[in-house]
């Protein structure tokens, strides 16, 4: 049958026979032009064809030619991708709705878009095609193209319908089968897919390598691993990079499932990932293959890239990662991995075994997240019938001891009747007592030591418990109890077996000394000084020996003891030298006393006893009737030490010298100065009384009366009443009757606010109130004492009030008092207290420069060991806050040599921190692990140490450890928000980095 175009040309020829010759010639020319234009179009010369068709449009042509020209121009616009092409074609169809080119125009437009991969446009045009008007060849093409468009749109059902309409004799048939095979493959109908693919592979025109990949993948998914390997290897050499990556994955996982791990490794390693990223499962497969092959380092390297896994694969991976770490002797890393696996519920067996290993490792190396006893207790509670229950119970007791949770250990041990457990009970009670003693909980310490004493399994522990019980009683000022305890120990023939034996006589000496039984204390101090093997407390013992002799008026032995103390060069050698000088005075060796005092004044210019020495020198000169030198000594004291408590006494002594030498005016001048500058003191009272005698002698009692009226603390009429009221309050104070003493002093101050005992009453009242825990009420009384001129209560008032403010963290109020105490204290312990707390207060108030400068000066002045250590701590912290990491590192290294408890945890943390900053990541982890093992109870530094550890692992390429540790910090240390915030920042940074290569990570 002729085509519609053929009919058109037959009709045109017939018509031409009837036209005039001129018209015939024109038509022939038109046909020639049309023919030329079509040839150009068919040859793909669209621009030349477009110009030819446009030329035809300019001449008068038949309607048939016009339709033809319009069709071709629209078709050329499509092929030239002109912006208005689709509109032009639509205009053609609307202009010729019944034209012979309509269906051809729609179909060819659709085919064109399809050819150039513009599938959405092609699909819209195919929908308008009259399929029944197409011939078989074009209909087959139509069905294939529509099937392909549907397949690309993931509409496999529609795609298969179209593909099924492509006949077997079509050139597209083999290609259709290819896609039908893939549809079956994607629908997991592997048998059907395999049959189709086998047909495709037989077709001479089909060479797509995806068929081999799909068949290999299907065999893998069906468990036909050997066949998957065969097909995969067959295709691998000729596959493109993307296909090769997927084939390597299939081959590697097939070997893995066959248990042929060594063969799997090269293929699993060659996999490039999906879009360049692996998943947690990919890392697990390769890691496990290495693990089974004994390549632990490689296994760990792959396992530890698994981040954030929350499925059965992750639980398996973390468990085997832990096993690999354990075999590689990396216990800290293994602990984290076991912990993670134990917290997942996908495999009950893995969960239990991981939990057991986690508990055991917690005991062995410590645990920064949860205390080892808690971990072990939780395991025993969860798995009470576990075969290792008894072993873990023993570890639990030991972990309680290690973590210093002695009470829980004692509770467990008390339930046992085994002799060995009784011995452990005694040891734990003793350790608990030492811990309480160290924390200054002396009453609790005694209770623990009594438990150890009552369980006399180990005699050495019993004797050591006696010693430390005596120390605790001593610290509580229960000296009589301490004496009985220490005497019992001293009289035991086994006492030399204990490490504290050498100190027993020293402590007995002090106990007798504090009981004011000085004669009894002397033999013990002497015995200790003669036998002190380490010579650490010898100078102190000699000094106290001198004091014991001095108080009992044994001055020659006192002089000898003091002299030995000076030669021993202990911290109190200035005190010993001063006491030695005083001793000469009591044996009527005034000249020797004067020589010793002058030697003291020149030999110890910085001693806090300088003012007292000048006062004693003046007194000695008075006794020698050398008033001139006495006055000079007193003058030096008054001018050099204007805030000395001896100033009032020196002025009074000068007044008395003038009074006794009939220099009344000079005497009155001194007495009036004392009365004015030191009101309400005993010196002022004596000055007023002596001045009264002078006025009487001078017959100027009216002047005396006028003068006394200016002194609001003197009332001659009420003197007896005042003395009586004060004496009553003081008696209650001396009897330690707190409530009555408070009432008595309050009563006195109400009646005599400016009385001669006002100063004493304010001090004693403040002291009693502080002792009773009523600091707020005590503060005004100490403030009153400190508002007066230097007196005997100034130093203790400064010490007590500054301590009150320090406890309240009122550093602004404490600092001025501490500064005064530092310069005015005559007691070495008070000076140390002032110096130590000044450094701390400056640091606490942010005065870093002052804290640092102050601490440096303290170290230069060669203080006692304790003060020097405090200074080094301040220097370390100051340097850290100032950002001077080099100095901070040096200072913390010094701190680490003596630090204990929380301070030791701080020093260890900074050691780990500085090692991290230096790039010593493994060494830093070792230090952080020590911090976790030994000081996990100090949570702040434990948390900080974990963050540093996470940074180390990140730097070492261990993403699992890094992220897991940080997640644990976030979960377990919410009480430290700054540390948790830092952990979040690090976690997000690491996850963002790892997400670039791991598709399983959710940022």
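Numbering (mature numbering (1 follows the signal peptide of the UniProt record, and there is no 0)), first residue to last: -21 to -1, 1 to 982.
By construction, the Cβ of each residue, glycine as well, lies at the ideal position given by its N, Cα and C atoms.
Helix, strand or coil at residue i [DSSP, three-state]
| i | result |
| --- | --- |
| residue 90 | helix |
| residue 336 | helix |
| residue 135 | helix |
| residue 256 | strand |
| residue 718 | helix |
| residue 186 | Here the model assigns residue 186 a pLDDT of 45, short of 50, so the residue's position is not dependable and the matter cannot be decided. |
| residue 60 | coil |
| residue 977 | strand |
| residue 432 | helix |
| residue 236 | helix |
| residue 105 | helix |
Contact belief for residue i with residue j at Cβ below 8 Å, rounded distance in angstroms
| i | j | result |
| --- | --- | --- |
| residue 149 | residue 119 | 4 Å |
| residue 268 | residue 247 | 6 Å |
| residue 952 | residue 922 | 4 Å |
| residue 677 | residue 643 | 6 Å |
| residue 800 | residue 770 | About 14 Å separates the two Cβ atoms, so there is no contact after all. |
| residue 296 | residue 336 | Actually they do not touch by this definition, with Cβ atoms about 15 Å apart. |
Same chain, Cβ closer than 8 Å to residue i, neighbours up to 5 away in sequence not counted
| i | result |
| --- | --- |
| residue 613 | 593, 594, 597, 629, 630, 632, 633 |
| residue 742 | 760, 761, 764, 772, 775, 776 |
Interface flag, residue i vs chain C, CB-CB below 8 Å
| i | result |
| --- | --- |
| residue 253 | Going by chain labels, chain C is absent from the structure shown, which holds only one protein chain. |
CA-to-CA distance, residue j to residue i, given in whole angstroms
| i | j | result |
| --- | --- | --- |
| residue 829 | residue 856 | 13 Å |
| residue 687 | residue 667 | 8 Å |
| residue 490 | residue 456 | 9 Å |
| residue 59 | residue 155 | 30 Å |
| residue 396 | residue 425 | 24 Å |
| residue 617 | residue 850 | 33 Å |
| residue 464 | residue 420 | 18 Å |
| residue 265 | residue 947 | 27 Å |
| residue 814 | residue 858 | 19 Å |
| residue 94 | residue 127 | 12 Å |
| residue 812 | residue 446 | 27 Å |
| residue 564 | residue 531 | 15 Å |
| residue 896 | residue 909 | 18 Å |
| residue 33 | residue 136 | 45 Å |
| residue 227 | residue 957 | 47 Å |
| residue 36 | residue 64 | 18 Å |
| residue 374 | residue 308 | 20 Å |
Own chain, CB closer than 6 Å to residue i, minus 5 neighbours either side, in chain order
| i | result |
| --- | --- |
| residue 608 | 600 |
| residue 444 | 409, 428, 431, 432 |
| residue 290 | none |
| residue 636 | 606 |
| residue 902 | 894 |
| residue 284 | 262, 938 |
| residue 388 | 376, 379, 380, 407 |
| residue 240 | 268, 271, 272 |
| residue 925 | 347, 944, 948 |
| residue 754 | 783 |
| residue 881 | 917 |
| residue 819 | none |
Cut-off 7 Å between Cβ atoms - residues of its own chain near residue i, not counting five sequence neighbours on either side
| i | result |
| --- | --- |
| residue 569 | 599, 602, 603 |
| residue 439 | 476, 477 |
| residue 471 | 442 |
| residue 304 | 279, 312, 313, 316 |
| residue 610 | 633, 636 |
Residue i CB to nearest heavy atom of the ligand HEM below 7 Å
| i | result |
| --- | --- |
| residue 394 | As presented, the structure is devoid of all ligands, the ligand HEM included, so that no description of it is given. |
CB of residue i within 8 Å of CB of residue j, strictly
| i | j | result |
| --- | --- | --- |
| residue 893 | residue 868 | yes |
| residue 544 | residue 555 | yes |
| residue 89 | residue 72 | no |
| residue 810 | residue 587 | yes |
| residue 733 | residue 705 | no |
| residue 690 | residue 721 | no |
| residue 12 | residue 31 | yes |
| residue 38 | residue 9 | yes |
| residue 503 | residue 525 | no |
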